[in-house]
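Colleague: Chains A and B, in that order, give the protein sequences. With our numbering, letter number 193 in the first sequence gets 193, and the count goes up by one each step, no holes. In short: position in the second sequence from 1, add 1000, done, that's our numbering. Glycine included, each C-beta is placed from N, C-alpha and C at the ideal position. Quick caveat, the model's predicted, so the values are computed rather than measured.
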Amino acid sequence: MVVLVLLGGIIVTLFVGALPAFQEFGVGFITSTEWDPVEGRERFGGFVAIFGTLISSLLAIIFAVPVAFGIAFFLTELAPLWLRRPVGTAIELLAAIPSIIYGMWGLFVLAPFVQLRIQLTFGDTLASLPLIGFLFDSVSFGGTNLFTASLVLAIMILPFIAATMRDVFEQVPPVYKESAYAVGATRWEVVRSVVLPYTRISVAGGVMLGLGRALGETMAVTFVIGNANRLPQSLFDPTNTIASVIAMEFPESLMGSLQQSALFALGFLLFVLSFLVLALSRWLLRPRLKV
Amino acid sequence: MNRRTLLAAAAAATTLPLLPRAARAQQAQITGAGATFPRPLYERWAQAAREAIGIQLNYQSIGSGGGINQITNRTVDFGATDAPLTVEQLAERNLLQFPTVLGSIVPIVNLPGVQDSQVRLSPELLAEMFLGRVRRWNDERLVELNRDLRLPNLPVAPAYRADASGTTWGFTTYLARVSEAWRSGPGAGTSVSWPAGQGARGNEGVSNTVRNTPGAIGYVENAYAVVNRLVRVQLRNRAGTFVRAERDAFIAAAAAADWSVPNMAPDTIDLQGEKVWPITTGTYILLPTNPTAERVEASRNTMRFFDWAFREGSRAAEQLEYIPLPSEVHELVRKAWRERIRTPDGTPVWSA
């Protein structure tokens, strides 16, 4: 009950703070890419930040899920018993690292690596690929970009997804697996046709947990995303996320100004966005719950 | 009062070893909040002033915007801001604004084989680079200015402050002043919508991006550039001479500004003068002109603190690479205190 009241309170506060911006720009606030905080000609549109938030989180999921699946598969099916505990604990410890540390590591280690070893080495070759070449074709060369941010996010959400997957894989009743082995299935076939179908709801739950963390992550992303209010044309372009715009501009915004209201509006949208992601996952999973 | 505070300070200094506890207990507390840029200096001053005049300053560097908000709500004794308020904004909030020191902003670059203060830039080219229109370092307009240097064929990678800051305000005000395209494009503010380049957090983020990226150009506080030995550039000022980012050039800028304007926040960007460094910004204190009865004492102590800082703090400022103001300006500030800040019954709070 208390939680519900708190939640409602937060939503109302955000919405009241955001009201002037919504009144000023209407629905255009969500679709406009313009973000001009210069006094006297303020124009605020959240599309770049919203798009950046979604795309960086989505990329992070794309990077993290296969690796997390591999880890869980290894820990439950392949690894010798004595190795399972230490490796499992090590993965879980990744979750205990504060996000600012990921940010610093991203900025000082990963960003130069992406810049010099990935973009410089492979950038031109990848850019000349047909159809998907544009994804790698960038004029900006700073190391802090969408790709680096997604990579840092992927590492941050990896332990959540991997731990959930491992736990649920372990809960598959041995009877099912043994029956599958008995009819001659290989290890991969067992995981694909017995373990995954049995656990897919919980697996999706783990992925959603990761997505939730990725959407709202602030500090680590702010360090490495390049903070440019432009739509990214490629993976190596800098862009921005909702959380990082708020963190960067809130302290210097004047109380009651349109800028502060626009930041509130972004915060409100982030809230709604996380809510929608959760609701959508529930809705997608519902028909399968009966199985 | 001047002499009296000096005497009091001397007395406090001599009696301190005898009565340390009593003296400490009687220390006056003042609180301020605002700009991050002058924080190291205010902290240094606070340390020295605690011994010298028995005033303990608690300064929270929460950002200029936060400082303005807090002093408008009167939750602190003074606010501090880098971007000055206009006369109307001050009147609306019943505040007096006065400058403490100047800071200078310098462009920094990362070009292989190029040393500090070697590259020469014209204001127009600087703006074009940040607009993303000069794309290569061996652009012929750059080569023209730097005949004695071998400029590499590297892409120009601008780096800027992503967090809203007074440094960005100073730098973009300068660009808007010297370039028509910048004025009608991104404009000037504590954060603007940058047409090209990477954003990074804080001075340290910008300098890190520049250091990691060959061909990068960014801008930071000079203090930061000096401490971290970053490669600065020479800029052509309004008089047409190329100036290095050095102390004399900054002092010349402080002297060239017209401090008698009503909000005491003169234009310090792109001033006229042979030796003037073109990008300097003041940092300001906001003080209520109508302190409530229980805050009169704190208001007076705030003025005592800055009065002491003006007299004794210039050396500390220079050590930290800030530019102290000319002493005529200090007099102007004291005059404003006398004339503008009143107790509820109408008498001046500052009577020295």
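Taking C-alpha atoms, which residue in A:Leu129, A:Val168, A:Ser193 and A:Thr241 lies nearest to serine 179 of chain A?
Modeller: Residue numbering aside, residue 179 of chain A sits at position 179 when the first sequence is read from its first letter. The shortest Cα separation from serine 179 of chain A among A:Leu129, A:Val168, A:Ser193 and A:Thr241 belongs to A:Ser193.
Colleague: So, under 8 Å CB-CB, glycine 226 of chain A and threonine 144 of chain A are touching, yes? Tell me the CB distance rounded to an integer number of Å.
Modeller: As a first step, residue 226 of chain A is located in the first sequence; it is residue number 226 there, counting from the start. As a first step, residue 144 of chain A is located in the first sequence; it is residue number 144 there, counting from the start. Correct: roughly 4 Å between the Cβ atoms.
Colleague: Quick test of your reading: glycine 1103 of chain B and tyrosine 1322 of chain B, contact by CB under 8 Å. State the CB separation rounded to the nearest angstrom.
Modeller: In the second sequence, the residue the question calls residue 1103 of chain B occupies position 103. In the second sequence, the residue the question calls residue 1322 of chain B occupies position 322. Their Cβ separation, rounded to whole angstroms, is 6 Å, which keeps glycine 1103 of chain B and tyrosine 1322 of chain B in contact under 8 Å.
Colleague: For glycine 1197 of chain B versus proline 1158 of chain B, is the C-beta distance shorter than 9 Å?
Modeller: Here residue 1197 of chain B is taken as the residue at index 197 of the second sequence, counted from 1. Here residue 1158 of chain B is taken as the residue at index 158 of the second sequence, counted from 1. In this structure, proline 1158 of chain B lies closer than 9 Å to glycine 1197 of chain B by Cβ.
Colleague: Counting only runs of 4+ residues fully inside the segment 1135 to 1176 of chain B, write out the alpha helix (DSSP H) ranges in chain order.
Modeller: Qualifying alpha helix (DSSP H) stretches, in chain order: 1140 to 1145.
Colleague: Using C-beta distances below 6 Å, list every residue in its chain close to alanine 1012 of chain B, excluding the 5 sequence neighbours before and after it, in chain order.
Modeller: Taking the second sequence and counting its residues from 1, one reaches residue 1012 of chain B at position 12. Because the pLDDT at alanine 1012 of chain B is just 48, under 50, the model does not fix this residue reliably, and the value given afterwards should be weighed accordingly. If we look at alanine 1012 of chain B and ignore the five residues flanking it on each side, its Cβ neighbours are Gly1054.
Colleague: Using a Cβ cut-off of 8 Å, pull out every chain B residue sitting near glutamate 249 of chain A, in sequence order please.
Modeller: Along the first sequence, one-based indexing puts residue 249 of chain A at 249. Those within 8 Å of glutamate 249 of chain A in chain B are Asp1163, Ala1164 and Ser1191.
Colleague: Asparagine 1058 of chain B bridges to which residues according to DSSP?
Modeller: In the second sequence, counting from the first residue as 1, residue 1058 of chain B sits at position 58. Bridge partners of asparagine 1058 of chain B: B:Thr1031.
Colleague: Name the chain B residues that come within less than 7 Å of aspartate 36 of chain A, Cβ to Cβ?
Modeller: Translated into the one-based positions of the first sequence, residue 36 of chain A becomes position 36. Going along chain B in sequence order, the residues near aspartate 36 of chain A (Cβ under 7 Å) are Ser1193.
Colleague: Whose C-beta lies closer than 6 Å to the C-beta of alanine 162 of chain A among residues of the same chain, with five residues either side of it excluded?
Modeller: Residue numbering aside, residue 162 of chain A sits at position 162 when the first sequence is read from its first letter. Excluding residues within five positions, the ones whose Cβ falls inside 6 Å are Ala68, Ile71, Ala72 and Ile91.
Colleague: Classify aspartate 1270 of chain B as buried or exposed, calling it buried when 16 or more other Cβ atoms lie within 10 Å of its own Cβ.
Modeller: Here residue 1270 of chain B refers to the residue found at position 270 when the second sequence is read from its first residue. Buried: at least 16 other Cβ atoms inside 10 Å.
Colleague: Contact check, serine 1207 of chain B vs isoleucine 1108 of chain B under 8 Å by CB: the rounded distance?
Modeller: As a working note, residue 1207 of chain B is residue 207 in the second sequence. As a working note, residue 1108 of chain B is residue 108 in the second sequence. Going by Cβ atoms, the distance from serine 1207 of chain B to isoleucine 1108 of chain B rounds to 7 Å, so yes, they are a contact pair.
Colleague: Compare the C-beta of arginine 282 of chain A against all C-beta atoms of chain B and say whether one is closer than 9 Å.
Modeller: For this step, residue 282 of chain A is matched to residue 282 along the first sequence. Output row for arginine 282 of chain A: interface = no.
Colleague: Can you tell which of A:Asn240, A:Pro173 and A:Phe268 has the C-alpha that lies nearest to the C-alpha of threonine 76 of chain A?
Modeller: As a working mapping, residue 76 of chain A is identified with position 76 in the first sequence. The option with the nearest alpha carbon to threonine 76 of chain A is A:Pro173.
Colleague: Can you give me, in chain order, the residues of the segment 1137 to 1160 of chain B that have a beta carbon less than 8 Å from any beta carbon in chain A?
Modeller: Residues passing the 8 Å Cβ filter: Pro1155, Ala1157 and Ala1159.
Colleague: Using CA atoms only, rank isn't needed, just tell me which of B:Thr1167, B:Pro1195 and B:Asn1138 is closest to glutamate 1204 of chain B.
Modeller: Here residue 1204 of chain B is taken as the residue at index 204 of the second sequence, counted from 1. Among B:Thr1167, B:Pro1195 and B:Asn1138, the Cα nearest to that of glutamate 1204 of chain B is on B:Thr1167.
Colleague: Checking the sheet assignment: what are the DSSP bridge partners for tyrosine 1353 of chain B?
Modeller: A query on residue 1353 of chain B cannot be resolved here, the shown segment of chain B reaching from 1001 to 1352 and no further.
Colleague: Keeping to the same chain, check which residues put their C-beta closer than 6 Å to that of proline 232 of chain A; ignore five residues upstream and five downstream.
Modeller: Reading the first sequence from its first residue, position 232 is the one you call residue 232 of chain A. Excluding positions up to five away in sequence, the list reads Leu146 and Thr239.
Colleague: In this structure, how does DSSP classify glycine 1079 of chain B when only helix, strand and coil are distinguished?
Modeller: In the second sequence, counting from the first residue as 1, residue 1079 of chain B sits at position 79. In this structure, glycine 1079 of chain B counts as strand in the three-state DSSP scheme.
Colleague: Closer than 7 Å by beta-carbon distance: list the chain A residues that pair up with glycine 1063 of chain B, in chain order.
Modeller: As a first step, residue 1063 of chain B must be located in the second sequence, where it is residue number 63. Chain A residues near glycine 1063 of chain B: Pro251 and Glu252.
Colleague: Please report whether the beta-carbon of glutamate 217 of chain A lies at a distance below 9 Å from any beta-carbon of chain B.
Modeller: Along the first sequence, one-based indexing puts residue 217 of chain A at 217. Closer than 9 Å: no.
Colleague: Please check if any C-beta of chain A sits within less than 9 Å of the C-beta of proline 1186 of chain B.
Modeller: Taking the second sequence and counting its residues from 1, the one referred to as residue 1186 of chain B is at position 186. Yes, because at least one Cβ of chain A sits closer than 9 Å to the Cβ of proline 1186 of chain B.
Colleague: Just by C-beta distance, which residues in the segment 108 to 141 of chain A are closer than 9 Å to chain B?
Modeller: Under the 9 Å Cβ criterion, the segment 108 to 141 of chain A contributes Phe108, Ala111, Pro112, Gln115, Leu116, Val139, Ser140 and Phe141.
Colleague: Where does glutamine 1070 of chain B fall in DSSP's three states?
Modeller: Taking the first residue of the second sequence as 1, we reach residue 1070 of chain B at position 70. DSSP places glutamine 1070 of chain B in helix when its eight states are reduced to three.
Colleague: Buried or exposed: which applies to isoleucine 10 of chain A, given that a residue is buried once 16 or more other Cβ atoms fall within 10 Å of its Cβ?
Modeller: To locate residue 10 of chain A, count along the first sequence from 1; it is residue 10. The residue is exposed, with fewer than 16 neighbouring Cβ atoms inside 10 Å.
Colleague: Shortest alpha-carbon distance to proline 1155 of chain B belongs to which of B:Val1178, B:Thr1283, B:Leu1096 and B:Gly1215?
Modeller: The residue labelled residue 1155 of chain B in the question sits at position 155 within the second sequence. Looking at the Cα atoms, B:Gly1215 is the closest of the given residues.
Colleague: Does any C-beta atom of chain B lie closer than 9 Å to the C-beta of methionine 255 of chain A?
Modeller: As a first step, residue 255 of chain A must be located in the first sequence, where it is residue number 255. Yes, methionine 255 of chain A lies at the interface with chain B (some Cβ there is under 9 Å from its Cβ).
Colleague: In whole angstroms, what is the alpha-carbon distance linking phenylalanine 47 of chain A and alanine 1255 of chain B?
Modeller: For this step, residue 47 of chain A is matched to residue 47 along the first sequence. For this step, residue 1255 of chain B is matched to residue 255 along the second sequence. Distance between the alpha carbons of phenylalanine 47 of chain A and alanine 1255 of chain B: 46 Å.
Colleague: I need the boundaries of the alpha helix (DSSP H) containing arginine 1311 of chain B, first residue and last residue.
Modeller: Translated into the one-based positions of the second sequence, residue 1311 of chain B becomes position 311. It spans 1296 to 1312 - the alpha helix (DSSP H) in which arginine 1311 of chain B sits, taken as one unbroken run.
Colleague: To the nearest angstrom, report how far apart proline 86 of chain A and alanine 127 of chain A are at their CA atoms.
Modeller: By 1-based counting over the first sequence, the position of residue 86 of chain A is 86. By 1-based counting over the first sequence, the position of residue 127 of chain A is 127. Those two C-alpha atoms are separated by around 41 Å.
Colleague: I'd like the span of the beta strand (DSSP E) that includes leucine 1287 of chain B, first residue to last.
Modeller: By one-based count along the second sequence, residue 1287 of chain B stands at place 287. Looking at the DSSP string, the run of the beta strand (DSSP E) that includes leucine 1287 of chain B is 1280 to 1288.
Colleague: When you compare only the Cα positions, how much space is there between threonine 1281 of chain B and arginine 166 of chain A?
Modeller: Within the second sequence, residue 1281 of chain B is the residue found at index 281, counting from 1. Within the first sequence, residue 166 of chain A is the residue found at index 166, counting from 1. Going by the C-alpha atoms only, they are around 57 Å apart.
Colleague: Quick one: is glycine 8 of chain A buried, meaning 16 or more other Cβ sit within 10 Å of its Cβ, or exposed?
Modeller: On the first sequence, residue 8 of chain A is found 8 positions in, with the first residue counted as 1. Classification for glycine 8 of chain A: exposed.
Colleague: Does any CB atom of chain A fall closer than 9 Å to the CB of arginine 1300 of chain B?
Modeller: As a position in the second sequence, residue 1300 of chain B is number 300, starting the count at 1. It does not: the Cβ of arginine 1300 of chain B has no partner Cβ on chain A nearer than 9 Å.
Colleague: Relative to the alpha-carbon of arginine 1295 of chain B, which residue among B:Thr1268, B:Leu1325 and B:Asp1077 has its alpha-carbon at the smallest distance?
Modeller: The residue labelled residue 1295 of chain B in the question sits at position 295 within the second sequence. Minimum Cα distance to arginine 1295 of chain B is reached at B:Asp1077.
Colleague: Return no unless some Cβ of chain A is closer than 9 Å to the Cβ of alanine 1216 of chain B.
Modeller: Here residue 1216 of chain B is taken as the residue at index 216 of the second sequence, counted from 1. Chain A, which has a Cβ nearer than 9 Å to the Cβ of alanine 1216 of chain B, makes this yes.
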